[in-house]
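Participant: Numbering (this note's numbering) for the sequence shown: 33 to 606. I am attaching a structure below and will ask some questions about it afterwards.
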Amino acid sequence: MENMENKNVNNGASAGKASADASAANKQSGGISISTVGRDKKKEAPVVELSEKEKAKMAADAEKAAKAEADKKAKEEADKAKADAKAAADAEKAKAKEEADKARAAADAEKAKAKEEAAKAKADAAKAKEEAKLAAEAEKLKAKEAAAKAKEEAARAKEEAKAAAKAEKAGKNDDKAEEAPKAEEPKKEAAPAQEAPKAAPAQQPAPVKEEPKKAEAPKQAEPPRTAEEIKTDKLAEAELKLFAEKCKRIFEEVRKDMIGQREVVESTIAAIIAGGNVLLEGAPGLGKTRLVRSLGKVFDLPFSRIQFTPDLMPADVTGTNVITKDENGNQKFEFQKGPIFSNIVLADEINRATPKTQAALLEAMQEHKVTVMGVTRKMDEPFFVLATQNPIEQDGTYPLPEAQMDRFMFKIIVPNPSAEELGQIVNMTHKTMEETAQAACNGEELLRMRAVAKTIPVSSEVLHYAMVLIAATHPDSAVAPETTKRYIRAGASPRAAQAIITAAQVRALINGRYNVSYDDINSLAVPVLRHRLKLGFEAVTSKMSPDDVVRSLIADLNNVSTATVEKSAGKKKK
33 MENMENKNVN
43 NGASAGKASA
53 DASAANKQSG
63 GISISTVGRD
73 KKKEAPVVEL
83 SEKEKAKMAA
93 DAEKAAKAEA
103 DKKAKEEADK
113 AKADAKAAAD
123 AEKAKAKEEA
133 DKARAAADAE
143 KAKAKEEAAK
153 AKADAAKAKE
163 EAKLAAEAEK
173 LKAKEAAAKA
183 KEEAARAKEE
193 AKAAAKAEKA
203 GKNDDKAEEA
213 PKAEEPKKEA
223 APAQEAPKAA
233 PAQQPAPVKE
243 EPKKAEAPKQ
253 AEPPRTAEEI
263 KTDKLAEAEL
273 KLFAEKCKRI
283 FEEVRKDMIG
293 QREVVESTIA
303 AIIAGGNVLL
313 EGAPGLGKTR
323 LVRSLGKVFD
333 LPFSRIQFTP
343 DLMPADVTGT
353 NVITKDENGN
363 QKFEFQKGPI
373 FSNIVLADEI
383 NRATPKTQAA
393 LLEAMQEHKV
403 TVMGVTRKMD
413 EPFFVLATQN
423 PIEQDGTYPL
433 PEAQMDRFMF
443 KIIVPNPSAE
453 ELGQIVNMTH
463 KTMEETAQAA
473 CNGEELLRMR
483 AVAKTIPVSS
493 EVLHYAMVLI
503 AATHPDSAVA
513 PETTKRYIRA
523 GASPRAAQAI
533 ITAAQVRALI
543 NGRYNVSYDD
553 INSLAVPVLR
563 HRLKLGFEAV
573 TSKMSPDDVV
583 RSLIADLNNV
593 STATVEKSAG
603 KKKK
């Protein structure tokens with residue numbers, strides 16, 4: 033018993049000591065008291081009692097955390113509002129920029145329109161000036177004709193007076209002769225003597241007076257009043273002379289840079305004066321590019337060269353809109369013109385570009401306009417496209433489509449030079465490779481020469497023959513001969529008819545004639561038609577070239593042999 037009591041006392045003392053140690057630890061840890069139930073019971077979760085200070089601290093921390101969360105949320109909302117405001121501002125700025133670009137494009141269009149109207153007004157003023165000049169010269173011719181007519185009338189009146197005086201004198205002499213033998217009857221003979229002189233002068237001046245009335249013909253003075261007669265008089269006096277002088281000077285300057293190739297040079301210059309495009313086909317090194325550069329100098333016109341390659345893009349030809357900065361540093365779109373915006377454009381090796389790039393020239397060649405991003409811009413006149421292509425190279429080439437081939441007035445084959453011409457070429461290029469030709473004609477004079485050529489008359493018979501020749505290229509035509517039905521699959525378009533008449537007028541003037549002849553039509557048929565005809569299978573198997581088919585067609589229409597046509601063409605070339 034005593035042992036058990038002692039054990040309990042010891043256990044109580046130990047428990048009291050443990051409690052005291054826990055109280056001390058509790059004091060050291062901040063006054064937190066932890067009470068436990070007997071050791072034999074299971075341990076329960078400790079109960080934490082917070083002091084006022086701790087509670088205040090925790091409340092402050094909670095308030096601080098809530099404030100931080102609110103600040104964070106407010107900041108996020110502010111950032112979001114700022115981002116929304118920035119996006120709205122950017123959208124407004126983009127919209128304003130778009131409207132500004134639209135307004136600028138409209139302004140550019142208006143500016144281009146105003147420029148076009150100004151050019152039109154300038155052309156109208158020049159036309160009015162020319163018409164006034166023609167009218168003045170017509171009045172001058174009219175005054176000169178009136179003066180000549182008055183002089184002629186004065187001379188006629190003088191002749192009439194002289195004839196009347198002579199007739200009166202002759203009448204008096206007759207009176208004296210009759211009165212002399214009949215002196216015995218003066219009264220009876222005097223009467224018939226007086227009647228005779230009256231009858232004589234009345235018969236002689238009468239027809240003289242009637243002739244001037246018939247010769248006056250006031251209708252002869254009326255033709256110079258019409259515009260057509262004025263132009264004809266002008267051509268006869270000054271324009272034709274100026275045309276001949278300019279052509280002579282142009283050929284002289286071009287021959288400084290070109291050896292031989294007479295037919296090529298004449299055909300190219302004729303096409304330029306007529307306002308047509310030219311396709312030069314020949315092997316490399318025959319002077320095609322040199323000819324075009326020389327023509328640019330002779331006509332004193334801006335010249336640009338486009339080297340066609342498979343990777344050339346349409347924008348590289350026509351131009352495109354680029355982003356630039358104005359005075360204030362704001363970005364704007366500005367149209368950068370391509371090399372097509374020139375008076376003479378050399379399309380070198382045009383068949384090496386893709387059809388997409390070749391099509392960029394279609395509008396410019398036919399309508400002399402270029403449309404980029406919905407805006408149409410007009411080319412400066414005169415405008416020509418002189419293209420070259422290599423017939424023997426097939427790799428990496430794209431044949432020109434029919435629509436583009438039809439836009440060339442001439443297709444000219446450049447032949448190889450003779451041995452003598454080759455020696456002259458070497459001697460000339462050994463001194464200098466630069467073109468030595470000088471300006472012989474400017475753009476305004478060239479347009480005037482073109483207008484003069486268009487006034488050259490074409491008789492109805494020659495016009496009918498030319499139209500029959502073009503219509504005869506179609507196998508289904510009523511006038512198609514056997515040659516067409518055998519060798520031609522598709523014929524020429526109406527552009528061929530326009531080209532052959534326009535070129536024939538220029539050729540007639542170059543050769544010193546003031547009317548178009550059958551020879552002009554026959555000579556120009558080959559360069560006008562050789563690239564417009566599609567030959568059939570029989571022509572290919574018969575080894576008939578387009579030139580052979582055209583000559584055979586002319587022979588059929590004229591009922592002559594092809595050899596005669598070729599012989600005649602050979603004589604003209606010489």
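All C-beta atoms, glycine included, are put in the ideal place defined by N, C-alpha and C.
State the DSSP-derived secondary structure class of residue 383, mapped to helix, strand or coil.
Facilitator: Here residue 383 is taken as the residue at index 351 of the sequence shown, counted from 1. Of the three classes helix, strand and coil, the one that applies to residue 383 here is helix, per DSSP.
Participant: Under the rule that 16 or more other beta-carbon atoms within 10 Å means buried, what is residue 677, buried or exposed?
Facilitator: Nothing about residue 677 can be reported from this structure: the residues present for the chain run from 33 to 606 only.
Participant: What three-state label does DSSP hand residue 441 in the structure shown?
Facilitator: The count along the sequence shown starts at 1 and reaches residue 441 at position 409. In the structure shown, residue 441 sits in a strand (DSSP, three-state: E or B).
Participant: Please report the straight-line C-alpha distance between residue 155 and residue 521, rounded to a whole angstrom.
Facilitator: Sequence index remark: in the sequence shown, residue 155 carries index 123 (1-based). Sequence index remark: in the sequence shown, residue 521 carries index 489 (1-based). Computed Cα separation, rounded: 44 angstroms.
Participant: Use the C-beta contact count for residue 519: other C-beta atoms within 10 angstroms, 16 or more gives buried, fewer gives exposed.
Facilitator: For the purposes of this step, residue 519 is identified with residue 487 of the sequence shown, where counting begins at 1. That one is buried.
Participant: Compare the C-alpha of residue 26 against each of 380, 366, 365 and name the closest.
Facilitator: Any answer about residue 26 is impossible in this case: the structure gives the chain only from 33 up to 606.
Participant: Per DSSP, what kind of secondary structure is residue 572 in: helix, strand or coil?
Facilitator: Reading the sequence shown from its first residue, position 540 is the one you call residue 572. Of the three classes helix, strand and coil, the one that applies to residue 572 here is helix, per DSSP.
Participant: In whole angstroms, what is the alpha-carbon distance linking residue 332 and residue 305?
Facilitator: Position 300 of the sequence shown, counting from 1, holds the residue named residue 332. Position 273 of the sequence shown, counting from 1, holds the residue named residue 305. Each residue's alpha carbon lies about 14 angstroms from the other.
Participant: Could you pull out every residue in the same chain whose Cβ sits closer than 7 angstroms to the Cβ of residue 443, ignoring the five residues on either side in sequence?
Facilitator: Start at 1 with the first residue of the sequence shown, and residue 443 comes out as number 411. These residues qualify, in order along the chain: 311, 313, 559, 562, 563.
Participant: Can you have a look at residue 122 and say buried or exposed, based on whether 16 or more other CB atoms are within 10 angstroms of its CB?
Facilitator: Numbered from its first residue, the sequence shown carries residue 122 at position 90. That one is exposed.
Participant: Whole angstroms are fine: how far does the CA of residue 472 sit from the CA of residue 272?
Facilitator: As a working note, residue 272 is residue 240 in the sequence shown. As a working note, residue 472 is residue 440 in the sequence shown. Straight-line Cα distance between these residues: approximately 17 angstroms.
Participant: Can you list, in chain order, the residues of its chain whose CB lies under 7 angstroms from that of residue 345, leaving out five sequence neighbours each side?
Facilitator: Taking the sequence shown and counting its residues from 1, one reaches residue 345 at position 313. If we look at residue 345 and ignore the five residues flanking it on each side, its Cβ neighbours are 389.
Participant: Compare the C-alpha of residue 159 against each of 590, 535, 494, 483 and name the closest.
Facilitator: Position 127 of the sequence shown, counted from the first residue, corresponds to residue 159. It is 483 whose Cα lies nearest to the Cα of residue 159.
Participant: What are the uninterrupted segments assigned as alpha helix (DSSP H) that are 4 or more residues long and contained completely in the stretch 137-183, given in chain order?
Facilitator: The qualifying runs do not exist here; there are none.
Participant: Quickly, what does DSSP pair residue 522 with across the bridge? List them, please.
Facilitator: As a position in the sequence shown, residue 522 is number 490, starting the count at 1. Residue 522 pairs with 566.
Participant: Under three-state DSSP, which class holds residue 590?
Facilitator: Here residue 590 is taken as the residue at index 558 of the sequence shown, counted from 1. Looking at residue 590 - three-state DSSP - the assignment turns out to be helix.
Participant: Report yes if the C-beta distance between residue 335 and residue 325 is below 9 angstroms; otherwise report no.
Facilitator: The residue labelled residue 335 in the question sits at position 303 within the sequence shown. The residue labelled residue 325 in the question sits at position 293 within the sequence shown. A contact, by the Cβ cut-off of 9 angstroms.
Participant: How many Å lie between residue 404 and residue 340 at the Cα?
Facilitator: Residue numbering aside, residue 404 sits at position 372 when the sequence shown is read from its first letter. Residue numbering aside, residue 340 sits at position 308 when the sequence shown is read from its first letter. So the alpha carbons of these two residues sit roughly 20 angstroms apart.
Participant: May I ask which residues mark the beginning and end of the beta strand (DSSP E) holding residue 336?
Facilitator: On the sequence shown, residue 336 is found 304 positions in, with the first residue counted as 1. Element bounds for residue 336: 335-339.
Participant: Please give the ranges of any beta strand (DSSP E) in the stretch 342-391, keeping only runs that are unbroken, at least 3 residues long and fully inside the region.
Facilitator: Entirely contained in the stretch 342-391, the beta strand (DSSP E) runs reaching 3 residues are, in chain order, 351-357, 363-369, 376-380.
Participant: Please name the residue or residues paired with residue 419 in a DSSP beta bridge.
Facilitator: The residue you call residue 419 lines up with position 387 of the sequence shown. Per DSSP, 311, 379.
Participant: Taking all protein chains shown into account, decide if residue 330 is buried (16 or more other Cβ within 10 angstroms of its Cβ) or exposed.
Facilitator: Position 298 of the sequence shown, counting from 1, holds the residue named residue 330. Looking at its Cβ environment, which holds 16 or more other Cβ atoms inside 10 Å, residue 330 is buried.
Participant: CA-CA distance, residue 167 and residue 176?
Facilitator: Along the sequence shown, one-based indexing puts residue 167 at 135. Along the sequence shown, one-based indexing puts residue 176 at 144. Cα to Cα, the separation comes out at about 14 angstroms.
Participant: Who pairs with residue 403 in a beta bridge, going by DSSP?
Facilitator: In the sequence shown, the residue the question calls residue 403 occupies position 371. 408, per the DSSP bridge assignment.
Participant: Does the pairing of the stretch 499-517 with the stretch 431-447 give three or more beta-carbon distances under 8 angstroms?
Facilitator: Cβ pair count under 8 angstroms is below three, so no.
Participant: Whose CA, out of 357, 516, 468, lies closest to the CA of residue 8?
Facilitator: Residue 8 lies beyond the residue range present for the chain, which begins at 33 and ends at 606; the question has no answer from this structure.
Participant: Take residue 280 as the anchor and find which of 298, 199, 500, 589 has the nearest alpha-carbon.
Facilitator: For the purposes of this step, residue 280 is taken as the residue at position 248 of the sequence shown. Nearest C-alpha to residue 280: 298.
Participant: How many angstroms separate the CA atom of residue 355 from the CA atom of residue 368?
Facilitator: Position 323 of the sequence shown, counted from the first residue, corresponds to residue 355. Position 336 of the sequence shown, counted from the first residue, corresponds to residue 368. For residue 355 and residue 368, the distance between alpha carbons rounds to 10 angstroms.
Participant: Given residue 418, which residues of its chain have a CB within under 6 angstroms of its CB, disregarding the five upstream and five downstream residues?
Facilitator: Taking the first residue of the sequence shown as position 1, residue 418 is located at position 386. Correct list, in chain order: 310, 324, 378.
Participant: Quick check: what's the CA-CA separation for residue 278 versus residue 400?
Facilitator: Looking up residue 278 in the sequence shown gives position 246. Looking up residue 400 in the sequence shown gives position 368. For residue 278 and residue 400, the distance between alpha carbons rounds to 25 angstroms.
Participant: Tell me which same chain residues have a C-beta within less than 7 angstroms of the C-beta of residue 231, skipping the five on either side of it?
Facilitator: As a first step, residue 231 is located in the sequence shown; it is residue number 199 there, counting from the start. Reliability of the predicted coordinates at residue 231 is poor, the pLDDT of 38 falling under 50, and the value obtained from them is presented with this limitation in mind. Result list for residue 231: empty, nothing under 7 angstroms.
Participant: For residue 407, collect the residues of the same chain with a Cβ closer than 8 angstroms to its Cβ; drop the 5 residues on either side in sequence, then sort them by chain order.
Facilitator: Here the question's residue 407 lines up with position 375 in the sequence shown. The answer, listed in chain order, is 137, 140, 141, 144, 367.
Participant: When we look at the beta-carbon of residue 320 and count the other beta-carbons within 10 Å, is it buried (16 or more) or exposed?
Facilitator: For the purposes of this step, residue 320 is taken as residue 288 along the sequence shown, with counting starting at 1. Buried is the call here.
Participant: Can you have a look at residue 515 and say buried or exposed, based on whether 16 or more other CB atoms are within 10 angstroms of its CB?
Facilitator: For the purposes of this step, residue 515 is taken as residue 483 along the sequence shown, with counting starting at 1. It counts as buried.
Participant: Residues in the same chain with beta-carbon distance under 6 angstroms from residue 540, minus the five sequence neighbours each way, listed in chain order, please.
Facilitator: The residue given as residue 540 occupies position 508 in the sequence shown. Closer than 6 angstroms at the Cβ level, and outside the excluded window around residue 540, lie 488, 548, 552.
Participant: Just to check my reading of the structure: residue 475 and residue 375 have Cβ atoms closer than 8 angstroms, yes? What is that Cβ distance to the nearest angstrom?
Facilitator: Counting from one through the sequence shown, the residue named residue 475 turns up at place 443. Counting from one through the sequence shown, the residue named residue 375 turns up at place 343. The Cβ separation is near 6 angstroms, so the contact holds.
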